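Chemist: First the structure, then my questions, so here it is.
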Amino acid sequence: MEPTVADLAKSLADTQSALNLVWVMVAAFLVMFMQAGFALVETGLTRAKNVAHTMGMNFFVYAIGIIGFYFVGFGLQMGGVGALATLGGDASLNHEFVINLFGKDFGLFGLKGFMLPLSMYTPAIAAIFMFQMVFMDTTCTIPTGAAAERWKFSSFVLFSFVIATVIYPIYANWVWGGGWLAALGANFGLGHGHVDFAGSSVVHLTGGVMALVLAKMIGPRIGKFGKDGKPRPIPAHNIAQVMTGTFILAFGWFGFNAGSTLAGMDGQLAIVAVNTMLASATGAFGAYVFAKYKFGKPDPTWLANGMLAGLVAITAPCAFVSSWAAMLIGLVSGVLVIVAALFIERVLKLDDPVGASAVHGVNGAWGILATGIFANGTYGQGLNGVAGGVRGALYGDWGQLGASIIGILANIAWVAPVAALAFFIIGKLVGNRASAEDEVNGLDISEMGILGYDDAGPGTGGAKPSLPA
Amino acid sequence: MEPTVADLAKSLADTQSALNLVWVMVAAFLVMFMQAGFALVETGLTRAKNVAHTMGMNFFVYAIGIIGFYFVGFGLQMGGVGALATLGGDASLNHEFVINLFGKDFGLFGLKGFMLPLSMYTPAIAAIFMFQMVFMDTTCTIPTGAAAERWKFSSFVLFSFVIATVIYPIYANWVWGGGWLAALGANFGLGHGHVDFAGSSVVHLTGGVMALVLAKMIGPRIGKFGKDGKPRPIPAHNIAQVMTGTFILAFGWFGFNAGSTLAGMDGQLAIVAVNTMLASATGAFGAYVFAKYKFGKPDPTWLANGMLAGLVAITAPCAFVSSWAAMLIGLVSGVLVIVAALFIERVLKLDDPVGASAVHGVNGAWGILATGIFANGTYGQGLNGVAGGVRGALYGDWGQLGASIIGILANIAWVAPVAALAFFIIGKLVGNRASAEDEVNGLDISEMGILGYDDAGPGTGGAKPSLPA
Amino acid sequence: MEPTVADLAKSLADTQSALNLVWVMVAAFLVMFMQAGFALVETGLTRAKNVAHTMGMNFFVYAIGIIGFYFVGFGLQMGGVGALATLGGDASLNHEFVINLFGKDFGLFGLKGFMLPLSMYTPAIAAIFMFQMVFMDTTCTIPTGAAAERWKFSSFVLFSFVIATVIYPIYANWVWGGGWLAALGANFGLGHGHVDFAGSSVVHLTGGVMALVLAKMIGPRIGKFGKDGKPRPIPAHNIAQVMTGTFILAFGWFGFNAGSTLAGMDGQLAIVAVNTMLASATGAFGAYVFAKYKFGKPDPTWLANGMLAGLVAITAPCAFVSSWAAMLIGLVSGVLVIVAALFIERVLKLDDPVGASAVHGVNGAWGILATGIFANGTYGQGLNGVAGGVRGALYGDWGQLGASIIGILANIAWVAPVAALAFFIIGKLVGNRASAEDEVNGLDISEMGILGYDDAGPGTGGAKPSLPA
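Residue numbers (this note's numbering), protein chains in the order written: chain A, 683 to 1151; chain B, 683 to 1151; chain C, 683 to 1151.
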């Protein structure tokens, strides 16, 4: 029997939904794989005596994040208005906490979707859960770099639960869950509200602010600053891990950014991917030129951090800017990451072993500003309930830049004190910093119970325990 | 000229087929990449003196598997009834070997599709070949962990051919090729027959049973058990490799499980992926809590094996269970893997260097049982020719649990004796175990001809052979 | 309101375009990830004292390639006739440089699309930019292996820009941009012209020819040849890196080859992927058998290079050949790569540390020849404006083999002199080869400013700089 036109229309809509779902899932897989990239970059940038500990944190944070997000985080983030229109999700999830100020509604967090009950366990909601979860987990893994080589594992576990359940989801609700920052345009005429396509603020600025707070509160590694207060280099132990991890991150970032169309039917995903690639390249190139000029040699860890800075910075504007702007945004970030890292180390006297604050914090903020400046008006029609494409200050909409600035300030105002309070309380409960003796010996045995690199190597008959009794 | 409704219906069906094909292929690529994960996990968990050998086995098994499956395995597995209805594959491949018992047909293996002749080399059959191949190759790589650090390479090559051509395809035919285990529901009213969505039994139990057989037959590594018979730890040599490999496996597992819908049009793939992610997290978390309780420290290798155990266990039930059940299944597996590994080592006195029996065998069986218990009836309509969704004992269908138990017993009854016989014969032909001297020195030079880690390292002027003559 | 048939037809066409776009993008991501594979293979095959340098080159080449291709390469390659019909790209990009010889048009390079101006920054053009970019970057990374452990970083940077802007794009235009080699069939009746489905010539032969030129011009590493002129082994420093990298390459290669359908709607992508997998397996197997016969031991680096050789060789013919031919092409390449590597080392007296010339050059040529021999006529209808499927000599079309041979000769004739000239000029500008002292000490400190592997390891209190002042 021949189908009717109505049958075909229904079947075609199902096909388009399926393509959207497949796209989001593949993108989510790629983002999940970034956890391996973080693990390798952070482990490579620190010392051999802490390999099991640094790897252990970067590994276990993935599990902690999933559990925290399942029980609490997802409901707080996405259980409010509007968010589930994407992917054909129904509105049944929507129930949110709102306060009214200045005669306007300020959505603060959602209240439905906790523990993915069977009635809500549809393909569309499952997809959005997965995609948001891997973004949240990316955020969770950023502070592990800043507090590496001295953080007690039990404190790390508790703090990561706080990120996954509270710190990340609340801010994400404000931007992606239909909350008050998203509504700055509709409520106050500030462009399209705070626009962050794939997370320069939601993921990276959040992570970077926490990194800075932890680096300050936990204090520098023993030996990082001399008696004269001058910083001393603590070299990365394995450049192969650093560069491999950076490639994994750049690979996964295509899922991160291009997947944020949330729709395979949206051809903009190709432009997003190319802008992402361009900024990653100029980020690395900017760092190359600046490192050559500043230090005389193109230290590969700067090249890596330059590429990562470019990726962080393009994450918010990737869907909205021209190719030349993507090139420029990346180039600036490649220089900025070095300047920021030196400032944090030399002026603020903070010890952030992997440069997380500079890469994710400073360049996350730069990415948000860049969106408010360079968005060219060709994309984002109707975003956050505002007509027309997103335009930055360069294209005449200064309100968009204003919303960007408010978004950055709100992030810092929320994340910094809550992270500091949580870290303080956890410190009282279980202690945050390993003992000096454990730190000097490395945290592998004391915190994890095994060495990261055991075995006496080839030619020695193997590790002692394998010799016949 | 405007297309007719019939034209559109045809074109739409083609589009849906293409989406299904693309989904299966992307999933297959991800599963293939798991080979790198296995290689890193197994190499990291063993000793530096066997790096070239352990890597060599995990690498070459991929090639052996492909060749064996091309010539023999695929035809035995999928050249029977029903299998190729999926993906729009035509029935021309179908020709199978069936015996009749108790008045019922027992399909045992297929008889067509050997060497992918041009007449059958269609996109749909190519896709199913690729997807099944990478599953089979996953199975082949599991025993390399159990016999690591003492297995002769030539014996490994021959044994892997036996897996790819006979051991795996026959059992896979029974479950996924329309064979007698799949027909337990239609023939005997046991639920939907033996249901294994993505391979807890077909892949993991098969691999785990072989791992146990090989660990027993090849004997423990020199020095593993003291004169008092007590096991002694042989530490992992590189935790960075172990954790990176585990992330690669968890990444590829999304293809493994979600890809097993065999259709991008089937939105259940999103629920499958989320269940997979949830169980991986609680698996790691269960291992964390239990290891802290049992040993006092969260050894990262237990965290990794806990996550892998959760992944193995959710592989069969991932499409059929609620989110809370996925959380529970993973949590149990994270404890179970440690208990099982200790039992195998301390009670059975077997030396399985990477814990393959505990991860894949014990948790594969647990995953199959969990399907028979927790399947909630929302999915699997019409599977194996039985109406309605798959329901486990908790939802009233004890026959489903019965089919699960029969599936496990059939696996052990087929795999264990055939593997033991093959290993015995190969031992007579080429010898299974390396000499004690080679084992103590490491198998890299004796079996592979090069060291895994050569070079005297930085600052020494490089390896001796590079100095000027 | 019910949609009309015309509405549905439009929407269906959009859906198919979106599926094509999604497929190309996912494939491009996979190809990009191959950069990590190259980095690991090359670093693992060389020495620990050059880890930061070898990793640094393989990392930074990605950024250089993007920048060079953005400003110049893409326009030269694809800004000509015909190329953008794929993916629904419009013709506005087309403007090319053509010369007329023998009364026929010889397209030499394109002249539009430089810097991706906003008017051309459509999803289709962005997708083709990204896909072509990652192919070009693969080519750029090949010579870094041949000149490893002695190449000055500044020279490497300049030379890589030359590849990305000139050497690669011009030849790619001839084959994939509608240039004169593509037109050999339409113009001169030579089959379908020079057919290279995914780059055995465009990517691999180009890279391999450059590798040979550089190995010759830069000269062997100190100590590679004894006073007697005999080659001496310089062992790989890390087999775990080599094998992991090879798996990453084999994984990404599925994007490389199957993605080259440029359409998710084209089911041939499944056959391409299976042929790719088959040849990779027989390549490794051929190398195994030949290495066992020749050297007595299955050195894993030969297994890896055998698999890579099989992948290189199947890259051109993967869409056109039967499964048995894919098996055969791979098997030959697995032997050929060893024979060629020994010839290059022992007869030509060249030092190519990773075997790039043998893997990419010799097997790239073999892949092109194999296309001209084994193409079975089932695919490629209308390719390069010629009716009917592509048939090789074995299926009666000797003209196709002729076009293959012309394609190889044209590659060598273009690439070798331009690469040699560029390398010569760059050598005059900044010097190509590091000093003997730096080479003996390793290039990490002298060229990159840091050691690849620092830190005194566990149990020592960490690297010296971290001790308290």
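Note that CB positions come from ideal geometry on N, CA and C, so glycine has one too.
These figures come from a predicted structure and were not determined experimentally.
Is the stretch 1039-1048 of chain C touching the stretch 902-922 of chain C, taking contact as three or more C-beta pairs under 8 Å?
Modeler: No: fewer than three Cβ pairs fall under 8 Å.
Chemist: Pick from B:G1131, B:E724, B:G1074, B:F879: whose alpha carbon is nearest that of V1036 (chain B)?
Modeler: Closest by alpha carbon: B:E724.
Chemist: Considering only DSSP beta bridges, list what N782 (chain B) is partnered with.
Modeler: According to DSSP, N782 (chain B) bridges with B:D787.
Chemist: So, does the stretch 780-799 of chain B touch the stretch 752-763 of chain B, judging by three or more C-beta pairs under 8 Å?
Modeler: Output reads yes: the stretch 752-763 of chain B touches the stretch 780-799 of chain B.
Chemist: Curious, which full-length alpha helix (DSSP H) runs of at least 4 residues does the stretch 1094-1139 of chain B contain?
Modeler: Correct list: 1118-1123.
Chemist: For the stretch 710-741 of chain C, which residues have a beta carbon sitting closer than 8 Å to at least one beta carbon of chain A?
Modeler: Hits within the stretch, in order: A710, F711, M714, F715, Q717, A718, A721, L722, T725, V733, A734, M737, G738, N740, F741.
Chemist: Alpha carbon to alpha carbon, what distance is there between N1093 (chain A) and A1102 (chain A)?
Modeler: Roughly 14 Å between the two C-alpha positions.
Chemist: Look at the alpha carbon of G860 (chain B) and the alpha carbon of I904 (chain B), and state the distance between them as a whole number of angstroms.
Modeler: C-alpha separation (whole angstroms): 45 Å.
Chemist: Which residues in the same chain have their Cβ closer than 6 Å to the Cβ of G1134 (chain C), if we skip the five residues on either side of it in sequence?
Modeler: So the qualifying residues of the chain are V733, A734, D1126.
Chemist: Since P913 (chain C) sits in a beta bridge, which residues does DSSP pair it with?
Modeler: Paired residues: C:F907.
Chemist: Please confirm if N920 (chain A) has its CB atom under 9 Å from at least one CB of chain B.
Modeler: Taking Cβ atoms only, chain B reaches closer than 9 Å to N920 (chain A), which makes this a yes.
Chemist: Among residues of its own chain, excluding the 5 on either side of K731 (chain B), which ones have a beta-carbon nearer than 8 Å to its beta-carbon?
Modeler: Excluding positions up to five away in sequence, the list reads N1123, G1124, L1125, D1126, G1134.
Chemist: In whole angstroms, what separates the C-alpha of I900 (chain B) from that of V704 (chain B)?
Modeler: So the alpha carbons of these two residues sit roughly 43 Å apart.
Chemist: DSSP on N1058 (chain B), reduced to helix/strand/coil?
Modeler: The answer is strand: DSSP assigns N1058 (chain B) an E or B state.
Chemist: What is the DSSP secondary structure of W862 (chain A), reduced to helix, strand or coil?
Modeler: The answer is coil: DSSP assigns W862 (chain A) none of H, G, I, E or B.
Chemist: Interface residues of chain B around P1136 (chain A) at Cβ under 7 Å?
Modeler: With the sequence shown as reference, residue 1136 (chain A) is identified as Asp, and Pro is not the correct amino acid for it. By Cβ distance, chain B contributes P917, A918, H919.
Chemist: Mind checking if D1126 (chain B) is an interface residue toward chain C, Cβ cutoff 9 Å exclusive?
Modeler: True, the Cβ-Cβ gap to chain C drops below 9 Å.
Chemist: Chain A beta carbons: is any one of them nearer than 9 Å to that of A830 (chain B)?
Modeler: Not an interface residue.
Chemist: Using only the alpha-carbon positions, how far apart do S628 (chain A) and N939 (chain A) sit?
Modeler: Here chain A has residues from 683 to 1151 only, and residue 628 (chain A) is not among them.
Chemist: Does G978 (chain B) come out as helix, strand or coil in the three-state DSSP assignment?
Modeler: Coil at G978 (chain B), not helix or strand.
Chemist: Give, in chain order, every residue of the stretch 938-952 of chain B whose Cβ lies closer than 7 Å to some Cβ of chain A.
Modeler: Cβ contacts with chain A come from A940, G946, M947, G949, Q950, L951, A952.
Chemist: Mapping DSSP to helix, strand and coil, what is R1073 (chain C)?
Modeler: Three-state result, R1073 (chain C): strand.
Chemist: Quick one: what's G792 (chain A) bridged to in DSSP?
Modeler: DSSP, once it has assigned bridges, lists A:E778 as partnering G792 (chain A).
Chemist: Terminal residues of the continuous alpha helix (DSSP H) containing G731 (chain C)?
Modeler: It should be noted that the sequence gives Lys, not Gly, for residue 731 (chain C). It is not in any alpha helix (DSSP H) - K731 (chain C) carries neither H nor E in the DSSP assignment.
Chemist: Tell me, please, whether the CB atom of L694 (chain A) is closer than 9 Å to any CB atom in chain B?
Modeler: Judged by the 9 Å Cβ criterion, L694 (chain A) is in contact with chain B.
Chemist: For W833 (chain A), which residues does DSSP report across the bridge?
Modeler: W833 (chain A) pairs with A:R1115.
Chemist: For D910 (chain A), count neighbouring Cβ atoms within 10 angstroms of its own Cβ and tell me buried if that reaches 16, exposed if not.
Modeler: That one is exposed.
Chemist: What residues in its chain sit with their C-beta under 7 Å from that of H876 (chain B), if we drop five residues either side in the sequence?
Modeler: So the qualifying residues of the chain are V857, L863, A864, L866, A1085, S1086, I1088, G1089.
Chemist: Tell me which same chain residues have a C-beta within less than 8 Å of the C-beta of G738 (chain B), skipping the five on either side of it?
Modeler: Here the set comprises F835, E1129, M1130.
Chemist: Assess, as a yes-or-no matter, whether the stretch 963-971 of chain A is touched by the stretch 742-758 of chain C under the definition of 3 or more beta carbon pairs within less than 8 Å.
Modeler: Yes, the stretch 742-758 of chain C is in contact with the stretch 963-971 of chain A.
Chemist: Quick one: Cα of E831 (chain A) to Cα of P825 (chain C), how far?
Modeler: Going from the Cα of E831 (chain A) to the Cα of P825 (chain C) covers about 38 Å.
Chemist: Is the beta carbon of L800 (chain C) sitting closer than 9 Å to the one on S693 (chain A)?
Modeler: No; because the gap between Cβ atoms is not below 9 Å, this pair is not in contact.
Chemist: Taking 6 Å as the limit between beta carbons, can you name the residues of its chain near I1011 (chain B), skipping five residues before and five after?
Modeler: So the list reads A961, A995, I996, A1052, once near-sequence residues are dropped.
Chemist: Please tell me whether F741 (chain B) and A721 (chain B) are closer than 9 Å, where the distance is taken between their beta carbons.
Modeler: It is a contact, given that the beta carbons lie within the stated cut-off.
Chemist: Among residues of its own chain, excluding the 5 on either side of A1118 (chain A), which ones have a beta-carbon nearer than 7 Å to its beta-carbon?
Modeler: Excluding residues within five positions, the ones whose Cβ falls inside 7 Å are I904.
Chemist: Relative to the C-alpha of A809 (chain B), which residue among B:G1071, B:A945, B:Y970 is closest?
Modeler: Checked all of B:G1071, B:A945, B:Y970; the closest Cα to A809 (chain B) is B:A945.
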